[in-house]
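Engineer:
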Amino acid sequence: MARGSCEPMAMMEDFSPSPPSRGSVIIGIDAGTSVVKSVAFTTGGRQIAEAARPNRYWRVEDGGVEQNMCKTWEDTAATLREVVGKLPDGAASVLAVAVTGQGDGTWLIDAAGAPVAPAWLWLDARAGALASAIRGASAYARQYEATVTGLNACQQSAQLLYMKSAMPELLERATTAFHCKDWLYFRLTGERATDPSEACFTFGDYRSRDYSEPVIDGLGLAEERRLLPPIVDGATTSHPLSPEAAAATGLPVGTPIVLGYVDFGCTAIGGGLISSKGDVGCSILGSTGIHMRYVAHAGDVVLNPDRSGYLMLLPGRSAVGQIQSNMAATLNIDWMLDLACGILAYEGIERGRQDLVKALDERVLAAKPVGAIYHPYISEAGERGPFMDPLARAQFTGLQSDAGFYDLMRAVLEGLAFAARDCYAAAGGLPAEVRLTGGAARSKAMRSILASVLGRPVRTVSREEAGAAGAAMIAAVQAGLYPDIQAAADAWVEPLVGPPSLPEPGLVPLYDEAFELYRELRDAIRPLWTKLAAIKARQGA
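In structure tokens form, the structure reads like this:
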């Protein structure tokens with residue numbers, strides 16, 4: 153199969169399926185960048201089965217990152233067949249299926265429903281120069297005020313502009329521009345749609361919760377407006393599983409399919425952002441760091457002077473999540489662990505990351521606080537939150553000869569916590585409590601340091617598949633099991649919230665002072681990143 157090619161969808165015959173019997177299981181699909189998962193939950197929120205497949209992508213010249221759309225669908229269908237096979241009553245027990253997936257990117261299809269080209273992922277950097285030029289234009293302020301989202305290369309708007317300039321034949325053949333979850337929803341139902349969250353932070357106005365023609369026109373995409381699918385809110389609307397998709401997944405024809413919100417939105421919903429306790433934030437410390445502040449009313453949104461971050465609509469009439477995302481979180485920890493593994497390998501001692509992690513927490517917590525200041529900009533793509541600079545690079549400041557490996561690792565964890573605080577400040581301020589999810593949430597040292605840097609209690613939610621759970625919760629609301637997403641969160645999430653990691657009183661003032669230094673150092677060195685990039689470019693040439 154050629155990259156991105158597959159047979160177009162067969163024309164669906166007219167059918168009038170009898171509604172499936174009301175089941176007791178909701179399946180949440182989470183199609184991530186590298187893994188596709190289908191996870192089964194009871195209607196009360198208990199996880200009972202899951203299945204996963206790797207979701208592969210490749211890199212192309214000029215910074216492109218692509219994925220085979222048909223393979224992503226085939227792998228998704230395979231996980232659904234597998235998870236259904238694990239249910240005691242099989243497909244008959246399924247009440248609904250909800251789908252979320254990796255955000256941003258561009259997944260183009262033609263009139264027959266076939267991919268026009270491989271999907272462009274959020275990792276794709278080809279539109280970087282265009283995004284920078286738009287951010288520097290005077291008209292950009294109006295766009296930011298409507299979307300409250302900083303334009304960057306990963307977004308569909310910038311990618312469509314790049315295609316319009318460099319690959320116009322793709323847009324000439326295309327009839328719809330999807331995101332990942334939209335493509336899977338189309339394959340499941342035959343409906344061309346997108347959800348409110350991605351539609352509005354890319355092309356819309358958060359106040360109207362709809363597309364904004366001034367935003368679209370201001371981007372120079374008036375002609376491409378035809379590619380944008382209708383907005384469907386999964387909390388109120390579902391569509392039936394098509395006969396073709398039923399044959400591929402093993403589910404009954406007509407099973408209600410729900411379009412979830414974007415993946416980090418569903419992860420926030422499943423990870424505790426929506427809470428009856430009110431002023432709550434949610435941080436996801438995975439490969440990247442995402443920090444969200446719950447805003448109950450759109451009128452309380454806070455704009456930042458750097459015009460960065462995301463504003464994500466949440467299910468309901470007015471609630472939103474104000475988001476800042478730093479490019480690299482656990483990538484910094486992995487880099488340090490790989491350095492150690494490499495040194496050991498040089499001496500003939502084979503160890504992996506997991507071997508070193510076992511004793512990491514206690515040794516890091518025993519190290520001296522603020523032995524150095526670390527800026528965690530380890531990604532080659534630079535930084536996107538709370539400031540945007542593709543040339544940003546990581547640095548240690550203040551090292552001295554007695555600094556050991558665990559002192560450096562503690563500085564790395566403190567740097568991640570400072571980055572989180574930096575992001576919350578730009579997203580409107582620190583919440584009263586932070587719920588932590590992602591790979592780093594398992595680290596006692598990370599939870600403790602984050603609590604002391606933020607000066608706030610930090611709690612984890614004992615659910616591994618928060619994204620799939622968030623999508624399933626939206627389906628539970630749509631099915632009428634709960635009156636709203638708040639009630640669903642009270643039932644599905646609050647019982648899983650763990651005890652708090654509390655700030656250490658002796659460390660809070662130290663970290664307050666160090667955080668201000670962290671920001672001063674960052675601002676001071678920013679002009680030098682350009683010079684460093686020029687030196688590296690000459691070396692590469």
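Position one of the sequence shown corresponds to residue 153 (this note's numbering), numbered consecutively onward.
Using N, Cα and C, we set each Cβ at its ideal position, and we do this for glycine too.
1. Taking Cβ positions only, does LEU303 come closer than 8 Å to chain B?
2. Can you find the residues in the same chain that come closer than 8 Å, C-beta to C-beta, to ALA154, ignoring five residues on each side of it along the sequence?
3. On the three-pair Cβ rule with 8 Å, is the region 599 to 616 touching the region 562 to 577?
4. Under a Cβ-count criterion, where at least 16 other Cβ atoms within 10 Å of its own Cβ denotes burial, should VAL472 be classed as buried or exposed?
5. Mark ALA686 as exposed unless 16 or more other C-beta atoms lie within 10 angstroms of its C-beta, in which case mark it buried.
6. Judging by CA-CA distance, which residue of TRP259, TYR314, ALA277 is the nearest neighbour of PRO542?
7. Indicate whether the contact test is met: 3 or more Cβ pairs, each with one atom in the region 544 to 558 and one in the region 515 to 531, closer than 8 Å.
8. Can you tell me the Cβ-Cβ gap for ALA716 and GLN311, rounded? I've got them flagged as a contact below 8 Å.
9. Just how far apart, CA to CA, sit SER173 and GLY423?
10. Tell me the DSSP secondary structure of TRP274 in three-state form.
11. Here's a check: name, in chain order, each residue in its chain whose Cβ is nearer than 6 Å to the Cβ of ASP347, leaving out the five neighbours to either side.
12. Under a Cβ-count criterion, where at least 16 other Cβ atoms within 10 Å of its own Cβ denotes burial, should TYR498 be classed as buried or exposed?
13. Do LEU303 and GLY441 have their C-beta atoms within less than 8 Å of each other?
14. Can you tell which of SER595, CYS418, MET540 has the C-alpha that lies nearest to the C-alpha of GLU514?
15. Here's a check: name, in chain order, each residue in its chain whose Cβ is nearer than 7 Å to the Cβ of PHE353, leaving out the five neighbours to either side.
16. Which same chain residues, not among the five before or five after SER186, have their C-beta less than 8 Å away from its C-beta?
17. So what does DSSP say about PHE539, is it helix, strand or coil?
18. Taking only the alpha-carbon atoms, compute the straight-line gap between GLY184 and GLY417 and give it to the nearest angstrom.
19. Can you name the start and end residues of the beta strand (DSSP E) that CYS434 belongs to?
20. As a quick exercise: from ASP664, LEU648, LEU684, ILE179, pick the residue whose alpha carbon is nearest that of PRO408.
21. Within 10 angstroms of its Cβ, does HIS331 collect 16 or more other Cβ (buried), or is it exposed?
22. Please report how far the alpha carbon of LEU393 lies from the alpha carbon of ALA281, in whole angstroms.
23. According to DSSP, simplified to helix, strand and coil, what is ILE491?
24. Which of the three DSSP states, helix, strand or coil, is assigned to TYR634?
25. Evaluate GLU566 with the Cβ neighbour count: other Cβ atoms within 10 Å of its Cβ, from every protein chain shown; 16 or more gives buried, anything less gives exposed.
26. Name the DSSP bridge partner or partners of SER190?
27. Go through its chain and collect everything with a Cβ distance to ALA544's Cβ below 7 Å, but skip five positions before and after it.
28. Report the partner residues of GLN552 according to the DSSP bridge assignment.
29. Touching or not, the region 643 to 652 and the region 613 to 629, by the rule of three or more beta carbon pairs under 8 Å?
30. For the region 440 to 476, list the beta strand (DSSP E) runs that are entirely contained and at least 3 residues long, ordered along the chain.
31. Tell me the rounded alpha-carbon separation between MET625 and TYR337.
32. Under three-state DSSP, which class holds LEU673?
33. According to DSSP, what are the bridge partners of GLN547?
34. For SER349, I'd like the list of residues in its chain whose CB is within less than 6 Å of its CB, leaving aside the five on either flank, ordered along the chain.
Structural biologist: Checking against the coordinates, here is how it stands:
1. Looking for chain B here will not work: only one protein chain is present.
2. In the sequence shown, counting from the first residue as 1, residue 154 sits at position 2. Confidence in ALA154 is poor, its pLDDT being 43 and thus under 50, which makes the residue's placement too unreliable to answer from.
3. yes
4. Residue numbering aside, residue 472 sits at position 320 when the sequence shown is read from its first letter. Result: buried.
5. Counting from 1 along the sequence shown, the entry for residue 686 is found at position 534. Flag for ALA686 reads exposed.
6. The residue you call residue 542 lines up with position 390 of the sequence shown. The shortest C-alpha separation from PRO542 is found at ALA277.
7. yes
8. The chain is shown only over 153 to 693; residue 716 falls outside these bounds and no answer can be derived.
9. Numbered from 1 along the sequence shown, position 21 holds the residue referred to as residue 173. Numbered from 1 along the sequence shown, position 271 holds the residue referred to as residue 423. Caution applies to SER173, whose pLDDT of 46 falls short of 50 and renders its modelled position unreliable; the value that the coordinates give is listed next. If I take the Cα positions, the gap works out to 30 Å.
10. Taking the first residue of the sequence shown as position 1, residue 274 is located at position 122. In this structure, TRP274 counts as coil in the three-state DSSP scheme.
11. Locating residue 347 in the sequence shown gives position 195, where the first residue counts as 1. Counting only Cβ-Cβ distances below 6 Å, and skipping sequence neighbours, we find LEU411, TYR413.
12. As a working mapping, residue 498 is identified with position 346 in the sequence shown. Classification for TYR498: exposed.
13. Counting from 1 along the sequence shown, the entry for residue 303 is found at position 151. Counting from 1 along the sequence shown, the entry for residue 441 is found at position 289. Contact flag unset, no.
14. As a first step, residue 514 must be located in the sequence shown, where it is residue number 362. Looking only at SER595, CYS418, MET540, the smallest Cα-Cα distance to GLU514 is reached by SER595.
15. If you number the sequence shown from 1, residue 353 lands on position 201. Excluding residues within five positions, the ones whose Cβ falls inside 7 Å are THR299, THR301, TYR462, LEU463, MET464.
16. What you label residue 186 is simply residue 34 of the sequence shown in a count that begins at 1. Once the five neighbours on either side are set aside, the close Cβ partners of SER186 are PRO206, ASN207, ARG208, TYR209.
17. The residue you call residue 539 lines up with position 387 of the sequence shown. Of the three classes helix, strand and coil, the one that applies to PHE539 here is coil, per DSSP.
18. Against the sequence shown, residue 184 aligns to sequence position 32. Against the sequence shown, residue 417 aligns to sequence position 265. Inter-residue distance for GLY184 and GLY417 is about 13 Å (C-alpha atoms, whole angstroms).
19. If you number the sequence shown from 1, residue 434 lands on position 282. In this chain, the beta strand (DSSP E) harbouring CYS434 covers 432 to 437.
20. One-based indexing of the sequence shown puts residue 408 at position 256. It is ILE179.
21. Within the sequence shown, the letter at position 179 stands for residue 331. Buried, since its Cβ has 16 or more Cβ neighbours within 10 Å.
22. The residue given as residue 393 occupies position 241 in the sequence shown. The residue given as residue 281 occupies position 129 in the sequence shown. LEU393 and ALA281: Cα-Cα distance of roughly 41 Å.
23. Numbered from its first residue, the sequence shown carries residue 491 at position 339. Here the sequence assigns Leu to residue 491, which means Ile is not the residue at that position. Residue state, collapsed to three classes: helix.
24. Stepping through the sequence shown from its first residue, residue 634 is reached at position 482. DSSP places TYR634 in coil when its eight states are reduced to three.
25. Along the sequence shown, one-based indexing puts residue 566 at 414. Burial call: buried.
26. Stepping through the sequence shown from its first residue, residue 190 is reached at position 38. For SER190, which the question treats as bridged, DSSP gives the partners ILE181, ALA203.
27. Start at 1 with the first residue of the sequence shown, and residue 544 comes out as number 392. Here the set comprises TYR529, GLY534, GLU535, TRP681.
28. Numbered from 1 along the sequence shown, position 400 holds the residue referred to as residue 552. Answer is none; GLN552 lacks a bridge partner.
29. yes
30. Runs of the beta strand (DSSP E) inside the region 440 to 476: 441 to 447, 462 to 465.
31. The residue given as residue 625 occupies position 473 in the sequence shown. The residue given as residue 337 occupies position 185 in the sequence shown. Looking at the two C-alpha atoms, the distance is approximately 17 Å.
32. On the sequence shown, position 521 is the one that residue 673 refers to. It is helical.
33. Start at 1 with the first residue of the sequence shown, and residue 547 comes out as number 395. Its beta-bridge partners are HIS527.
34. Sequence index remark: in the sequence shown, residue 349 carries index 197 (1-based). Here the set comprises TYR413, VAL414, GLY417, MET464, LEU465.
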